[in-house]
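This report refers to the structure that appears directly beneath it.
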């Protein structure tokens, strides 16, 4: 497993590592967040390229740009299955907060700023090849962006084999898709949502397709408690 212990270019996630992993930790310039992330995710892409079915624990969803770039460097052209309570589909024109972490899926689809995509030499994925799962906290402009791009949406419980893309799949899991009562470690909780068991079963169904070529997931922030293990 690879581990990227950064949140928007700041190293704050070391304590969140969930399993033995190779840490991706290149020297980063004193520069803008976009420039730092370009260097970080280029290093991530190079490691992803060299691994078979890479698994990556990331500190934020923006790191997925590096994962996609690495899969593409392997000669793969994956569709994206993205489990998240949020759409991550804002651009600078629609974001109410200015938060870069609310934009990565839009960037992957070729919308909005492409600075980091260009830095890692990633090719955007067409919106109709992206499946957003479990999103329940969308901004107005974000919702419009998703519809305009042709991104499909389903609930976690409805993520069945017939909903999956036929092509190779890059699967991303933001743990905030799980109901906050069972996943208190997340930074941006959203009301409602499925339980951890339902999310785990959905992820297992995607892997059962045999088409997953890469998997990434977020964890909690520093000082955030993780739920106790099941008995």
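In my numbering, the protein residues as written are -15 to 215.
A virtual CB, placed ideally from N, CA and C, is assigned to each residue, including glycine.
Quick one, which of 101, 75, 99, 63 has its alpha-carbon nearest residue 115's? Nearest option by C-alpha distance: 63.
So what does DSSP say about residue 84, is it helix, strand or coil? Three-state DSSP puts residue 84 in a helix.
Could you compute how far the alpha carbon of residue 30 sits from the alpha carbon of residue 185? C-alpha of residue 30 to C-alpha of residue 185: approximately 31 Å in a straight line.
For residue 89, which of helix, strand or coil comes out of DSSP? It is helical.
My output table needs one value for residue 224: the three-state DSSP class, helix, strand or coil. Here the chain has residues from -15 to 215 only, and residue 224 is not among them.
Quick check on residue 126: buried or exposed, where buried means 16 or more other Cβ atoms within 10 Å of its Cβ? By the neighbour-count rule (16 or more Cβ atoms within 10 Å), residue 126 is buried.
Assigned secondary structure, residue 68 (DSSP; H/G/I helix, E/B strand, else coil): Residue 68 sits in coil when the DSSP states are folded into three classes, being neither helix nor strand.
Residue 39, enclosing beta strand (DSSP E) - first and last residue: Counting along the chain, the beta strand (DSSP E) containing residue 39 begins and ends at 39 to 42.
Using the three-state DSSP reduction, which class does residue 73 fall into: helix, strand or coil? Secondary structure at residue 73: coil, using DSSP grouped into helix, strand and coil.
To the nearest whole angstrom, what separates the beta carbons of residue -7 and residue 28, a pair I think is in contact under 8 Å? At roughly 12 Å, the Cβ-Cβ gap does not stay under 8 Å, so residue -7 and residue 28 are not in contact.
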